[in-house]
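A quick write-up on the structure given underneath.
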Amino acid sequence: MRASKPTTGVGAVLDAAMAVVWGKSDAQGSPHLLLGHLLDTAAVGELIWDRFLAPVVKGHLDEVSGGRGRSLFALLCGLHDVGKATPAFQSKDGALAVRVQAAGLGWRPLSRNRVSAWHHTKAGAAIVRSRLAGAGWSSESCEWVWPLIAGHHGVVPAIGCLWQPPRDAHGRGAAWRQVQDGIVDRVAEDLGLDLGSFAGLGMPRRGGQLAVSGLIIMADWIASDEQHFRGLPDLAAISMDEARSRAVSAWERLGLRGGWRPASLVPCASAELVEHRFGVPARSAQAAAVELAEQMPAPGLLILEAPMGEGKTEAALAAAEVLARRFGADGLFVGMPTQATSDPMFGRVREWLTAVDSEVPLGLLHGRARFNKEWAALRAPVRFVGVADDQDEYGLGDVYGSAGQNGGAEDRPVGDGMAAADWFFGPKRGLLAPVTVGTVDQLLHAATRTKHVMVRHAGLAGRVVVLDEVHAYDVYMSQFLFEALRWLADTGVPVVLLSATLPPALRHKLISAYAQGASRQREVDLGDVPAPSGYPSTTAVCVVEGKVDGAVEASLPWRESSPVVVEVLDETDTFEPRTVADRVLAEVAREDATTSADQPLGCVLVVCNTVARAQDVYAALAPALGDDVVLLHSRFVAAERARRTEEVVNQLGRPGRLEGARRPRRLVVVATQVAEQSFDVDVDLLITDLAPIDLLLQRVGRLHRHQRPEEDRPAHLRQPRVVVSGLRRYPGNQPSAFPPGSRAVYGNHLLLRSAALVLEAVAMDGWSVPAAVPRLVATGYDDTPLGPPEWARAVAKAKDAWAEREQRREANARGFLLAGEDFLGASTLDGLHERSTAALATEERVAAVVRDGDESVEVVLVRRDVAGFRTLGGTWLGPNGEVPVHDDTVLEEVVGATIRLPAYQDLTAAALSDLRPLPAWIGDGRDRRHDPWLRRSRALVVEDGPAEGVLTARLGERRLTYHHDLGLRVVKL
Numbered sequence: 001m002r003a004s005k006p007t008t009g010v011g012a013v014l015d016a017a018m019a020v021v022w023g024k025s026d027a028q029g030s031p032h033l034l035l036g037h038l039l040d041t042a043a044v045g046e047l048i049w050d051r052f053l054a055p056v057v058k059g060h061l062d063e064v065s066g067g068r069g070r071s072l073f074a075l076l077c078g079l080h081d082v083g084k085a086t087p088a089f090q091s092k093d094g095a096l097a098v099r100v101q102a103a104g105l106g107w108r109p110l111s112r113n114r115v116s117a118w119h120h121t122k123a124g125a126a127i128v129r130s131r132l133a134g135a136g137w138s139s140e141s142c143e144w145v146w147p148l149i150a151g152h153h154g155v156v157p158a159i160g161c162l163w164q165p166p167r168d169a170h171g172r173g174a175a176w177r178q179v180q181d182g183i184v185d186r187v188a189e190d191l192g193l194d195l196g197s198f199a200g201l202g203m204p205r206r207g208g209q210l211a212v213s214g215l216i217i218m219a220d221w222i223a224s225d226e227q228h229f230r231g232l233p234d235l236a237a238i239s240m241d242e243a244r245s246r247a248v249s250a251w252e253r254l255g256l257r258g259g260w261r262p263a264s265l266v267p268c269a270s271a272e273l274v275e276h277r278f279g280v281p282a283r284s285a286q287a288a289a290v291e292l293a294e295q296m297p298a299p300g301l302l303i304l305e306a307p308m309g310e311g312k313t314e315a316a317l318a319a320a321e322v323l324a325r326r327f328g329a330d331g332l333f334v335g336m337p338t339q340a341t342s343d344p345m346f347g348r349v350r351e352w353l354t355a356v357d358s359e360v361p362l363g364l365l366h367g368r369a370r371f372n373k374e375w376a377a378l379r380a381p382v383r384f385v386g387v388a389d390d391q392d393e394y395g396l397g398d399v400y401g402s403a404g405q406n407g408g409a410e411d412r413p414v415g416d417g418m419a420a421a422d423w424f425f426g427p428k429r430g431l432l433a434p435v436t437v438g439t440v441d442q443l444l445h446a447a448t449r450t451k452h453v454m455v456r457h458a459g460l461a462g463r464v465v466v467l468d469e470v471h472a473y474d475v476y477m478s479q480f481l482f483e484a485l486r487w488l489a490d491t492g493v494p495v496v497l498l499s500a501t502l503p504p505a506l507r508h509k510l511i512s513a514y515a516q517g518a519s520r521q522r523e524v525d526l527g528d529v530p531a532p533s534g535y536p537s538t539t540a541v542c543v544v545e546g547k548v549d550g551a552v553e554a555s556l557p558w559r560e561s562s563p564v565v566v567e568v569l570d571e572t573d574t575f576e577p578r579t580v581a582d583r584v585l586a587e588v589a590r591e592d593a594t595t596s597a598d599q600p601l602g603c604v605l606v607v608c609n610t611v612a613r614a615q616d617v618y619a620a621l622a623p624a625l626g627d628d629v630v631l632l633h634s635r636f637v638a639a640e641r642a643r644r645t646e647e648v649v650n651q652l653g654r655p656g657r658l659e660g661a662r663r664p665r666r667l668v669v670v671a672t673q674v675a676e677q678s679f680d681v682d683v684d685l686l687i688t689d690l691a692p693i694d695l696l697l698q699r700v701g702r703l704h705r706h707q708r709p710e711e712d713r714p715a716h717l718r719q720p721r722v723v724v725s726g727l728r729r730y731p732g733n734q735p736s737a738f739p740p741g742s743r744a745v746y747g748n749h750l751l752l753r754s755a756a757l758v759l760e761a762v763a764m765d766g767w768s769v770p771a772a773v774p775r776l777v778a779t780g781y782d783d784t785p786l787g788p789p790e791w792a793r794a795v796a797k798a799k800d801a802w803a804e805r806e807q808r809r810e811a812n813a814r815g816f817l818l819a820g821e822d823f824l825g826a827s828t829l830d831g832l833h834e835r836s837t838a839a840l841a842t843e844e845r846v847a848a849v850v851r852d853g854d855e856s857v858e859v860v861l862v863r864r865d866v867a868g869f870r871t872l873g874g875t876w877l878g879p880n881g882e883v884p885v886h887d888d889t890v891l892e893e894v895v896g897a898t899i900r901l902p903a904y905q906d907l908t909a910a911a912l913s914d915l916r917p918l919p920a921w922i923g924d925g926r927d928r929r930h931d932p933w934l935r936r937s938r939a940l941v942v943e944d945g946p947a948e949g950v951l952t953a954r955l956g957e958r959r960l961t962y963h964h965d966l967g968l969r970v971v972k973l
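Take the sequence shown: its position 454, counted from the start at 1, is 454 in UniProt numbering, and no numbers get skipped.
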């Protein structure tokens with residue numbers, strides 16, 4: 001308990017105020033005194049430092065504070081809500097306001113606009129800035145600290161809003177100033193700190209400031225959970241010792257912890273590390289990547305370019321381990337281009353992490369993670385807890401309590417396993433988990449000017465970031481990737497980028513972006529960074545004393561190059577799906593008459609550029625092939641898509657992947673671009689719509705992907721062969737034509753260049769893969785004239801249109817960037833959110849903005865019954881959609897019918913306007929029996945259609961049909 005103070009004069013006024021100035025209130029109107037919440041948050045801050053922060057993050061704060069980083073961080077956490085000691089906040093609760101006024105802290109009547117305009121975040125920044133300056137802190141120190149206080153609700157304003165605090169809302173007279181400064185001093189005193197002793201505080205880099213801002217928010221969210229921090233209305237019960245006791249109890253019940261222990265990282269030679277972790281000798285490219293990581297003089301960027309199947313993932317994980325050991329990181333984020341590619345990567349990262357430190361929490365971050373069986377099994381024993389991270393938005397009142405909205409903690413032990421505590425997977429918190437795998441959107445959102453963006457940076461600081469398939473990001477998405485690299489470099493986060501097919505211009509931009517962030521300069525000299533001279537290759541770049549340091553090492557490929565025969569499927573101007581289907585049937589039936597029952601007929605992958613074309617090709621094949629043809633695309637409900645993907649990978653994956661599984665004699669997989677990236681299947685023949693050359697080569701990577709006995713493949717398919725569809729050749733060397741869907745997705749410019757390379761391959765006996773990959777990709781994206789002279793006019797027109805569109809998309813992306821190149825020299829977070837974020841007001845809009853797509857909506861399909869509702873599979877729910885309590889099977893069946901609607905503007909508008917959760921899904925907001933995910937889910941009610949197995953619904957001016965074999969179709973009425 002804190003020692004008593006004199007009760008006369010200044011001390012008496014201050015103590016009287018401390019006893020009534022409140023920070024939060026519960027539903028019954030009982031207060032939690034402001035001092036109590038501030039000390040709770042400071043105590044949580046101490047635990048974040050002790051049990052969560054990576055060594056490198058601690059080092060940054062120690063460096064600017066003379067080794068007193070822990071004290072500094074706890075102080076900042078403890079001061080975050082001091083702005084609540086103002087009339088603007090204290091007047092929000094009438095009954096509590098009377099007590100404050102009775103203690104001698106009065107105010108004139110305040111309008112609602114006056115109260116909302118002087119939010120406590122701004123008030124707190126003004127109070128702290130003034131008090132710290134009065135304690136002798138330098139102007140430089142005050143200017144980087146106040147944005148951390150102002151931004152603890154997720155938005156950092158500009159300094160101009162603090163210049164003239166409105167006296168009525170901020171507090172008139174000496175009493176208010178005395179109380180505000182006194183609370184600052186009391187927090188410091190209870191932490192055992194002298195404010196003046198920090199007068200020589202330095203300034204961390206801006207990326208580090210942003211991470212600290214997010215960590216303060218983390219501390220506030222934890223300390224705002226009434227399940228663990230009950231309200232304390234009595235000043236006598238408040239002390240630092242009590243706050244620390246409460247914080248330890250909450251931390252342990254929440255099951256929170258940081259990343260791996262430094263001793264878990266094994267220092268050994270590159271080749272030995274790969275073999276130590278993965279049990280196989282290191283390949284040349286893997287050894288080179290780890291060796292360059294070991295030689296980097298500072299945290300930097302590592303780019304590994306290697307063919308499909310070369311072992312890039314293992315190389316990246318081993319290199320990440322080296323970078324973590326050398327530069328003080330304790331966790332990892334692996335970003336993948338899609339949800340479908342994230343799932344298999346999750347399993348691979350889990351295997352690696354088990355070998356590094358089996359106790360480190362692991363998370364899977366994407367919208368359909370719950371359908372990943374491995375992730376679901378890990379999470380099953382983990383308790384569910386909640387923290388109110390969305391309380392007290394700008395303009396809204398503060399309510400102390402979170403269990404009603406987010407689910408309260410239950411008195412159950414945390415289960416064994418590596419699943420991260422459930423707290424990490426509340427809104428906006430996923431990247432705080434020490435090791436995570438998810439879609440790259442998680443990282444790209446960290447490059448947007450969105451609310452609480454600093455929480456993402458708090459999670460990324462102290463980690464190593466690995467991004468796979470970086471060639472898959474178009475010019476629009478790439479702007480967010482470049483911005484993310486600038487911030488990661490500024491924070492000192494090492495990054496590993498992986499690609500099989502990286503255009504030279506894109507490689508240069510990636511390196512430049514990281515170098516810009518590390519040097520904090522827009523113009524960087526990359527003259528000392530050599531270009532790759534072989535394939536595979538590894539490029540390492542960092543900035544040392546303002547100068548870019550680069551090294552490149554070429555490696556021998558794991559497998560020798562193989563000749564791939566390239567053919568073109570002659571199509572009509574109408575690009576009938578029947579043409580593709582006939583070619584498939586001809587290939588798999590070629591040896592039917594002579595092949596014995598124990599010999600294979602062939603496994604074929606057909607890749608279409610649009611869902612509609614894939615559905616039509618499948619429909620043409622199904623009558624002849626029956627169960628030997630599978631359709632895979634993004635418009636199946638989540639559970640069905642996951643089931644189909646798992647089944648295909650099990651059948652066509654690497655030999656021995658699944659014990660007892662046999663490769664099918666005949667299987668045709670018709671897919672969209674979901675088969676383009678990190679899709680570990682091995683097929684005998686590839687038939688694919690034309691795509692830009694790098695993506696086309698990615699698809700070729702599924703062809704003869706694994707080494708198999710010769711007899712496992714049909715005799716006529718033992719030579720790798722790709723048949724290119726979606727390409728119409730004309731006599732007289734006239735420019736080729738492409739289906740409308742392909743043109744809409746990729747544009748004529750890149751398709752024409754790719755077509756020229758394909759036709760060249762047809763005439764020149766195909767490609768040598770992977771040896772030819774660098775040349776093909778470089779040529780496909782440079783300005784070298786391609787195609788016959790007769791194509792010149794069409795090529796020039798397509799290029800001009802493409803360049804204009806790319807410039808427009810690049811400019812559009814800049815409007816959403818967190819800061820951009822123009823602010824590289826900024827030293828603080830002042831005004832980070834100054835530009836409006838209104839365009840990103842919905843979750844759907846935030847998700848769409850980094851991919852340059854129209855907003856789309858996820859819905860849950862449920863069937864209408866005469867008496868109520870059924871699941872998509874027919875299980876009875878109830879008259880209002882009731883999901884039986886604690887029946888996880890039915891719940892998963894309901895949730896498994898989730899599907900994302902096509903991003904048509906009118907369809908999205910209708911869905912947002914007309915669709916709501918079913919009545920029983922909502923509950924009363926406090927019933928723990930109701931699944932929190934369902935409470936936010938929109939139900940799309942479907943009814944039996946005219947044909948068997950077809951379900952239909954109308955949404956706006958669109959007719960939607962869902963069929964188990966085809967998935968979702970949408971037509972305009």
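Glycine included, each C-beta is placed from N, C-alpha and C at the ideal position.
Assuming Leu-365 contacts Gly-430 (C-beta within less than 8 Å), just tell me the rounded distance between them. Counting from 1 along the sequence shown, the entry for residue 365 is found at position 365. Counting from 1 along the sequence shown, the entry for residue 430 is found at position 430. With 8 Å as the limit, Leu-365 and Gly-430 qualify as a contact, their Cβ atoms being about 4 Å apart.
Could you please give me the residues that DSSP links to Pro-563 through a beta bridge? Along the sequence shown, one-based indexing puts residue 563 at 563. DSSP, once it has assigned bridges, lists Ser-768 as partnering Pro-563.
Determine the direct distance from the alpha carbon of Pro-655 to that of His-706, and round the result to whole angstroms. Within the sequence shown, residue 706 is the residue found at index 706, counting from 1. Within the sequence shown, residue 655 is the residue found at index 655, counting from 1. Looking at the two C-alpha atoms, the distance is approximately 8 Å.
What is the DSSP secondary structure of Arg-449, counted as helix, strand or coil? What you label residue 449 is simply residue 449 of the sequence shown in a count that begins at 1. The answer is coil: DSSP assigns Arg-449 none of H, G, I, E or B.
Is DSSP giving Gln-391 helix, strand or coil here? Within the sequence shown, residue 391 is the residue found at index 391, counting from 1. With a pLDDT of only 34 at Gln-391, under the threshold of 50, the placement of this residue in the model should not be trusted; the figure read from the coordinates follows. In this structure, Gln-391 counts as coil in the three-state DSSP scheme.
For Gly-124, which residues from the same chain have a beta carbon less than 6 Å from its beta carbon, with the 5 sequence-adjacent residues on both sides left out? Within the sequence shown, the letter at position 124 stands for residue 124. So the list reads Val-82, Gly-83 and Ile-149, once near-sequence residues are dropped.
Do you know how far the Cα of Arg-805 is from the Cα of Leu-912? For this step, residue 912 is matched to residue 912 along the sequence shown. For this step, residue 805 is matched to residue 805 along the sequence shown. Roughly 29 Å separates the two Cα atoms.
Stretch-stretch touch, CB-based, cutoff 8 Å, three pairs: the region 314-329 with the region 773-791: no
Whose CA, out of Arg-370, His-452 and Ala-250, lies closest to the CA of Gly-438? In the sequence shown, residue 438 corresponds to position 438, counting from 1. Taking only the C-alpha atoms, the option nearest Gly-438 is Arg-370.
Chain-order list of residues whose beta-carbon lies under 6 Å from that of Ser-71 (same chain, five-residue window excluded): In the sequence shown, residue 71 corresponds to position 71, counting from 1. These residues qualify, in order along the chain: Leu-193.
Quick one: Cα of Leu-273 to Cα of Val-266, how far? The count along the sequence shown starts at 1 and reaches residue 273 at position 273. The count along the sequence shown starts at 1 and reaches residue 266 at position 266. Leu-273 and Val-266: Cα-Cα distance of roughly 8 Å.
Trp-876, enclosing beta strand (DSSP E) - first and last residue: Taking the first residue of the sequence shown as 1, we reach residue 876 at position 876. Note, Trp-876: beta strand (DSSP E), 876-878.
Mark Tyr-904 as exposed unless 16 or more other C-beta atoms lie within 10 angstroms of its C-beta, in which case mark it buried. Here residue 904 corresponds to residue number 904 of the sequence shown, with the count starting at 1. Buried: at least 16 other Cβ atoms inside 10 Å.
If the criterion is Cβ atoms closer than 7 Å, does the pair Ala-953 and Val-637 meet it? Working through the sequence shown from its first residue, we reach residue 953 at position 953. Working through the sequence shown from its first residue, we reach residue 637 at position 637. No.
If you draw a straight line from the C-alpha of Ile-217 to the C-alpha of Lys-451, how long is it? One-based indexing of the sequence shown puts residue 217 at position 217. One-based indexing of the sequence shown puts residue 451 at position 451. When rounded, the distance between both Cα atoms is 12 Å.
Is it a yes or a no for the region 247-254 touching the region 217-226, going by three-plus beta-carbon pairs under 8 Å? yes
Exposure label - Ser-499; buried when at least 16 CB within 10 Å: As a first step, residue 499 must be located in the sequence shown, where it is residue number 499. The residue is buried, with at least 16 neighbouring Cβ atoms inside 10 Å.
Please classify Pro-413: is it buried, with 16 or more other beta-carbons within 10 angstroms of its beta-carbon, or exposed? Along the sequence shown, read from residue 1 onward, the residue named residue 413 stands at position 413. Summary for Pro-413: the model assigns pLDDT 31, below 50, so the residue's position carries little reliability; its value from the coordinates is reported in the next sentence. Answer is exposed; the Cβ neighbour count stays below 16.
Kindly list the residues whose CB is nearer than 6 Å to the CB of Ala-289, restricted to its own chain and excluding five residues on each side of it in sequence; keep chain order. If you number the sequence shown from 1, residue 289 lands on position 289. Leu-304, Ala-315, Ala-319 and Thr-538, listed in sequence order.
Let me check understanding here. Comparing Cα to Cα, which of Ala-551, Arg-507, Glu-189 and Asp-490 lies closest to Arg-522? The count along the sequence shown starts at 1 and reaches residue 522 at position 522. Of the listed residues, the one whose Cα sits closest to Arg-522 is Asp-490.
Compute the distance between the beta-carbons of Pro-55 and Gly-259, then report whether it is under 7 Å. Residue mapping note: residue 55 aligns to position 55 of the sequence shown, counting from 1. Residue mapping note: residue 259 aligns to position 259 of the sequence shown, counting from 1. Taking 7 Å as the Cβ cut-off, Pro-55 and Gly-259 do not qualify as a contacting pair.
Suppose the cutoff is 8 Å on Cβ atoms and the five residues either side in sequence are ignored; what does the same chain contact list for residue 1020 look like? Absent from the structure is residue 1020, since the part of the chain shown begins at 1 and ends at 973.
Between the Cα of Leu-34 and the Cα atoms of Leu-485, Leu-757, Val-670 and Pro-233, which residue gives the shortest distance? Within the sequence shown, the letter at position 34 stands for residue 34. For Leu-34, the nearest C-alpha among the options comes from Pro-233.
Based on the DSSP output, what are the partners of Trp-22 in its beta bridges? For this step, residue 22 is matched to residue 22 along the sequence shown. Leu-33.
Exposed or buried, Pro-427, counting other C-beta atoms within 10 Å across all chains shown (16 or more means buried)? Start at 1 with the first residue of the sequence shown, and residue 427 comes out as number 427. Classification of Pro-427: exposed, given that the 10 Å Cβ count is below 16.
Check whether Pro-739 and Gly-726 have beta carbons under 7 Å apart: By one-based count along the sequence shown, residue 739 stands at place 739. By one-based count along the sequence shown, residue 726 stands at place 726. Yes; because the gap between Cβ atoms is below 7 Å, this pair is in contact.
How would you write the range of the beta strand (DSSP E) that Ile-899 sits in, first residue to last? As a position in the sequence shown, residue 899 is number 899, starting the count at 1. Looking at the DSSP string, the run of the beta strand (DSSP E) that includes Ile-899 is 898-900.
Below 8 Å, can you find three or more Cβ-Cβ pairs linking the region 61-69 to the region 191-205? yes
Flag this pair as yes or no: are the beta carbons of residue 983 and Cys-608 separated by less than 7 Å? Outside the shown range of the chain, which is 1 to 973, sits residue 983, and nothing can be said about it.
Within this structure, are the beta carbons of Glu-587 and Leu-696 separated by less than 7 Å? In the sequence shown, residue 587 corresponds to position 587, counting from 1. In the sequence shown, residue 696 corresponds to position 696, counting from 1. The answer is no: Cβ separation not under 7 Å.
Leu-526 versus His-508: straight-line alpha-carbon distance, rounded: The residue given as residue 526 occupies position 526 in the sequence shown. The residue given as residue 508 occupies position 508 in the sequence shown. C-alpha separation (whole angstroms): 9 Å.
Segment contact, 8 Å Cβ cut-off, at least three pairs: the region 156-170 with the region 184-193: no
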